[in-house]
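**Student:** Taken in order, these protein sequences are the chains called R and Y.
With the first sequence counted from 1, adding 7 to any position gets you the numbering used here.
With the second sequence counted from 1, adding 7 to any position gets you the numbering used here.
Cβ atoms here follow ideal geometry from the backbone N, Cα and C, with glycine treated the same way.
Bear in mind that the values here come from a model prediction, so they are computed numbers and not experimental data.
There are 2 protein chains.
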Amino acid sequence: MYSASYLEKFIKEIFTSIGTSENDAIQAAKVLISADLRGVDSHGVARLSGYVRLWEKQRLNSNPKIKIIHETPSTAVIDGDLGAGLIVAPFAMKIAIEKAKNVGSGWVAIRNSNHFGIAGYHSMLALEHDMIGFSMTNASPLVAPTFSTSKFLGTNPISIAIPAGKQPPVVIDMATTSVANGKLEVLQRKNMSMPEGWAQDSDGNPTTDAAILKKGGAMLPLGSDRIHGSHKGYCLSSWVDIFSAVLSGANYGPWVPPFVAYIDPIKESVGDGIGHFVGAWRVDAFRKTDEFKSHMDNWIEKFRSATPAKGEEKVLIPGDPEREITKERLKNGINLLPAVVADLKELGKKYNIIFSDN
Amino acid sequence: MYSASYLEKFIKEIFTSIGTSENDAIQAAKVLISADLRGVDSHGVARLSGYVRLWEKQRLNSNPKIKIIHETPSTAVIDGDLGAGLIVAPFAMKIAIEKAKNVGSGWVAIRNSNHFGIAGYHSMLALEHDMIGFSMTNASPLVAPTFSTSKFLGTNPISIAIPAGKQPPVVIDMATTSVANGKLEVLQRKNMSMPEGWAQDSDGNPTTDAAILKKGGAMLPLGSDRIHGSHKGYCLSSWVDIFSAVLSGANYGPWVPPFVAYIDPIKESVGDGIGHFVGAWRVDAFRKTDEFKSHMDNWIEKFRSATPAKGEEKVLIPGDPEREITKERLKNGINLLPAVVADLKELGKKYNIIFSDN
């Protein structure tokens with residue numbers, strides 16, 4: 008078991024070792040560790056060496072000079088200078104929050120960035136300002152549009168964080184696929200099959216083979232198949248792709264560069280890096296903050312009191328599962344898989360930073 | 008077969024007959040007929056008598072004085088004065104568009120409204136201004152949160168309309184359920200069963216009984232069940248509910264008043280009427296309009312060229328199916344079910360307006 012603070016310090020030191028400024032390294036570490044604390048293991052410290060490998064291949068700039076390219080009172084476009092999204096997206100959120108302070112809402116489209124960790128970290132930055140936060144990003148293509156076998160879309164998540172009063176905030180953070188790619192990977196490692204409706208084979212047929220992505224298969228948009236609304240998941244994913252990249256000037260669709268360093272990006276490009284889109288609405292730009300929060304409490308309490316279906320214990324509100332994991336992991340620490348520990352030790356060795364065994 | 012213009016004129020005349028101003032009646036007719044033209048028959052002229060019955064019960068104000076309650080440069084809250092959403096939502100969109108002209112984006116939360124027809128009509132109003140349009144609304148509770156049997160949410164649609172250049176716009180208009188309620192109603196009338204994953208029985212079990220809503224069952228959020236991501240559909244629907252009603256001061260969750268006049272609203276209320284949320288982003292608040300449009304064309308052409316799955320003809324982009332129906336219905340007219348024709352004749356008689364047989 009590792010404490011969050013231990014891992015956070017290690018992440019920070021690795022980033023400074025590859026040339027990232029102290030402040031940016033602290034920021035990157037905060038975003039990565041927030042994923043481990045919220046139970047999204049695939050997006051946390053386990054990804055650290057992936058960022059370093061991208062930097063080694065000069066596909067990530069460890070010390071980006073982020074620039075505002077264009078702005079209006081409520082919008083901006085920024086160029087992330089090929090930095091880690093872990094650094095670029097919080098920078099963009101600060102601009103969005105500042106604009107929301109001034110004119111009620113703020114929107115920033117980001118190009119020339121890299122993987123930004125969990126979407127929820129960025130949207131949640133708005134909460135302490137009594138604002139509603141919004142974030143989305145496009146990602147390496149793994150998902151096929153409805154009726155297609157072409158992998159043209161990423162898991163393209165959407166996150167919305169809404170403050171409440173006595174109750175914790177409502178935090179939505181969801182891939183626009185029927186399931187996270189991490190779940191396929193886990194089953195594949197265990198040589199187990201998966202439920203139908205998560206992915207399709209190379210002809211577009213249903214499959215339970217968890218290794219199907221390696222055989223020309225594709226992940227499916229939320230809804231799984233046409234009859235259960237996969238065209239809606241396809242719509243949501245398209246929205247994320249267009250806002251993250253067409254609005255900002257990043258790569259979209261099949262042109263999005265892969266996050267993993269061992270896959271080379273295709274030569275053709277239609278923009279710079281990957282793209283994100285973030286924003287904030289000030290609550291009191293609509294309604295008195297106290298009034299809003301007390302109705303949010305009422306909304307949350309009502310939904311918590313919904314009748315559980317037969318065999319279910321209780322009804323959750325968005326953000327509950329992650330909050331429970333955070334509580335548990337802050338108390339008991341974070342368990343890393345042996346492969347992740349080995350990877351981090353190896354990474355530490357490169358930069359003379361010891362990664363402990365405990 | 009009826010021409011769209013004939014039906015539109017009839018709708019307009021019915022609205023003026025119940026006291027709606029000429030301009031508002033024209034607006035309401037435009038919204039309703041746009042549903043018939045886009046193939047969303049459940050939200051078109053077939054609903055006209057429903058609005059009138061609500062007015063008869065004094066649950067709809069035929070001549071609303073819509074007021075701005077609060078505003079900032081990029082946001083506003085308006086009170087719809089219990090008018091039809093068909094009139095209130097376009098009014099709100101005009102404000103959003105005006106704000107976007109001034110500061111880059113505009114957002115309007117609406118309370119004290121009624122059913123606003125198809126969400127897509129409102130978002131599409133932004134297109135002619137080279138803006139991206141956004142609209143959502145809450146609706147009568149028919150949908151159970153994941154793990155629950157309580158009908159606490161409506162079909163709560165989201166619409167986003169994005170302009171392109173030579174290509175037609177990308178228009179997303181989707182309920183956040185796995186299927187539209189209209190599909191259940193059609194199967195029920197034909198005494199047919201439905202696929203699993205569309206609704207659940209009163210205990211929360213899967214069912215194929217298309218009449219299950221009358222027996223304590225509930226519709227399911229997009230994703231159908233937990234394993235296929237229904238918690239994500241529940242998240243999206245919650246987002247729509249909170250933005251439409253908690254942000255605006257309308258009724259939310261189980262307190263949303265029913266659209267059908269024969270079901271009385273519950274006595275307890277937490278706000279005024281139902282709520283919507285609309286907005287607009289100016290494209291050139293992010294990127295030169297021409298540049299954006301040419302990349303949208305490229306995006307659309309690329310997705311149209313995706314490889315079809317085995318047995319599928321082609322890959323569609325959001326908005327394609329509705330555009331095809333519009334083209335066909337503008338040419339050949341709109342076919343109404345005998346029950347709808349009878350209903351409209353009856354309605355016409357009340358106000359001395361003849362509804363023809365043809």
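Taking the C-alpha atoms as reference points, what is the distance between N212/R and L194/R?
**Tutor:** Cα-Cα distance, rounded: 19 Å.
**Student:** Which of the three DSSP states is assigned to T184/Y in this structure?
**Tutor:** Strand.
**Student:** Whether or not the region 96 to 108 of chain Y and the region 122 to 135 of chain Y are in contact is what I'm after, with contact meaning three or more pairs of Cβ atoms, one per stretch, closer than 8 Å; do they touch?
**Tutor:** Because the criterion of three Cβ pairs below 8 Å is met, the region 122 to 135 of chain Y and the region 96 to 108 of chain Y touch.
**Student:** Kindly list, in the order they appear in chain Y, the residues whose Cβ is closer than 8 Å to that of F299/R.
**Tutor:** The contacting residues are V253, L254.
**Student:** Please go through the same chain and pick out, in chain order, the residues whose beta-carbon is closer than 8 Å to the beta-carbon of T296/Y, but skip the five residues on each side of it.
**Tutor:** Taken in chain order, the residues that qualify are D137, V290.
**Student:** Looking at the secondary structure, which residues open and close the beta strand (DSSP E) in which R289/Y lies?
**Tutor:** 281 to 289 is the extent of the beta strand (DSSP E) around R289/Y.
**Student:** Examine chain Y for any beta-carbon lying closer than 8 Å to the beta-carbon of N305/R, and answer yes or no.
**Tutor:** Chain Y, which has a Cβ nearer than 8 Å to the Cβ of N305/R, makes this yes.
**Student:** In whole angstroms, what separates the C-alpha of S81/Y from that of R118/Y?
**Tutor:** Rounded to the nearest angstrom, the two C-alpha atoms are 18 Å apart.
**Student:** Can you name, in chain order, every residue of its own chain whose Cβ lies under 6 Å from the Cβ of K64/Y, other than the five neighbours on each side?
**Tutor:** Taken in chain order, the residues that qualify are A268.
**Student:** So A268/Y is in the beta strand (DSSP E); what residue range does that whole segment cover?
**Tutor:** Neither: A268/Y is in no beta strand (DSSP E) and is coded neither H nor E.
**Student:** So what's M303/Y in DSSP terms, helix, strand or just coil?
**Tutor:** It is helical.
**Student:** Under 7 Å Cβ to Cβ from A53/Y, same chain only, skipping five residues before and after it: list those, please.
**Tutor:** Hits under 7 Å: V347.
**Student:** Would you call the region 323 to 338 of chain Y and the region 270 to 287 of chain R in contact, with 3 or more CB pairs under 8 Å?
**Tutor:** Taking 8 Å as the limit for Cβ pairs, the verdict is that the region 270 to 287 of chain R does not touch the region 323 to 338 of chain Y.
**Student:** So, for L67/Y: in the same chain, excluding its five sequence neighbours on each side, which residues have a beta-carbon less than 8 Å away from its beta-carbon?
**Tutor:** Y58, L61, L89, G90, A91, N121, listed in sequence order.
**Student:** Mind listing the chain Y neighbours of T314/R? Cutoff is C-beta to C-beta under 8 Å, in chain order.
**Tutor:** Per Cβ cutoff of 8 Å: S155, T156, S157.
**Student:** What separation, rounded to the nearest whole angstrom, lies between the Cα atoms of N163/R and A257/R?
**Tutor:** If you take the alpha carbons of N163/R and A257/R, they lie about 14 Å apart.
**Student:** Between S231/R and S24/Y, what straight-line distance do the alpha-carbon atoms span, to the nearest angstrom?
**Tutor:** Distance between the alpha carbons of S231/R and S24/Y is about 47 Å.
**Student:** Kindly indicate which three-state DSSP category A313/R falls into: helix, strand or coil?
**Tutor:** Residue state, collapsed to three classes: coil.
**Student:** Mind pulling the chain Y residues with CB within less than 8 Å of E319/R?
**Tutor:** Result: F154, S155, G211.
**Student:** Sort out for me which residues DSSP pairs W114/R with in a bridge.
**Tutor:** Looking at the DSSP assignment, W114/R forms a beta bridge with T82/R, G286/R.
**Student:** Tell me whether G236/R sits in a helix, a strand or coil according to DSSP, three-state version.
**Tutor:** Three-state result, G236/R: coil.
**Student:** Cα separation between I341/Y and G51/Y?
**Tutor:** Distance between the alpha carbons of I341/Y and G51/Y is about 11 Å.
**Student:** Please classify M8/R as buried or exposed, where buried requires at least 16 other C-beta atoms within 10 Å of its C-beta.
**Tutor:** M8/R comes out exposed.
**Student:** At the 8 Å Cβ level, is H129/R part of the contact set with chain Y, yes or no?
**Tutor:** No, H129/R lies away from the interface with chain Y (no Cβ there is under 8 Å from its Cβ).
**Student:** Give a yes or no on whether the minimum CB-CB distance between G140/Y and chain R is below 8 Å.
**Tutor:** It does not: the Cβ of G140/Y has no partner Cβ on chain R nearer than 8 Å.
**Student:** Just checking, does the region 21 to 39 of chain R make contact with the region 344 to 360 of chain R on the three C-beta pairs under 8 Å criterion?
**Tutor:** Touching, per the Cβ criterion.
**Student:** Below 6 Å CB to CB, which residues in the same chain sit around V253/R once its five sequence neighbours on both sides are set aside?
**Tutor:** Excluding sequence neighbours, V253/R sits near Y259.
**Student:** Pick out whichever of K222/Y, F250/Y, S237/Y, P176/Y has its Cα sitting closest to the Cα of P228/Y.
**Tutor:** Cα-wise, what sits closest to P228/Y is S237/Y.
**Student:** Between the C-alpha atoms of K108/Y and F141/Y, what's the straight-line distance to the nearest angstrom?
**Tutor:** Straight-line Cα distance between these residues: approximately 15 Å.
**Student:** Just checking my contact of N145/R with D248/R at CB under 8 Å: how many whole Å lie between their CB atoms?
**Tutor:** Confirmed, about 5 Å.
**Student:** Can you tell me which of S56/R, V47/R, S41/R, E15/R puts its alpha carbon nearest to the alpha carbon of E353/R?
**Tutor:** Of S56/R, V47/R, S41/R, E15/R, the residue nearest in Cα terms is S56/R.
**Student:** Kindly list, in the order they appear in chain R, the residues whose Cβ is closer than 8 Å to that of K309/Y.
**Tutor:** What K309/Y touches in chain R: F159, G260, P261.
**Student:** To the nearest angstrom, report how far apart P175/R and G318/R are at their CA atoms.
**Tutor:** Going from the Cα of P175/R to the Cα of G318/R covers about 26 Å.
**Student:** Does P80/R get closer than 8 Å to chain Y when you measure Cβ to Cβ?
**Tutor:** Yes, its Cβ sits closer than 8 Å to a Cβ of chain Y.
**Student:** If we ignore side chains and look at the alpha-carbon of each, how far apart do D210/R and P261/R end up?
**Tutor:** Distance between the alpha carbons of D210/R and P261/R: 18 Å.
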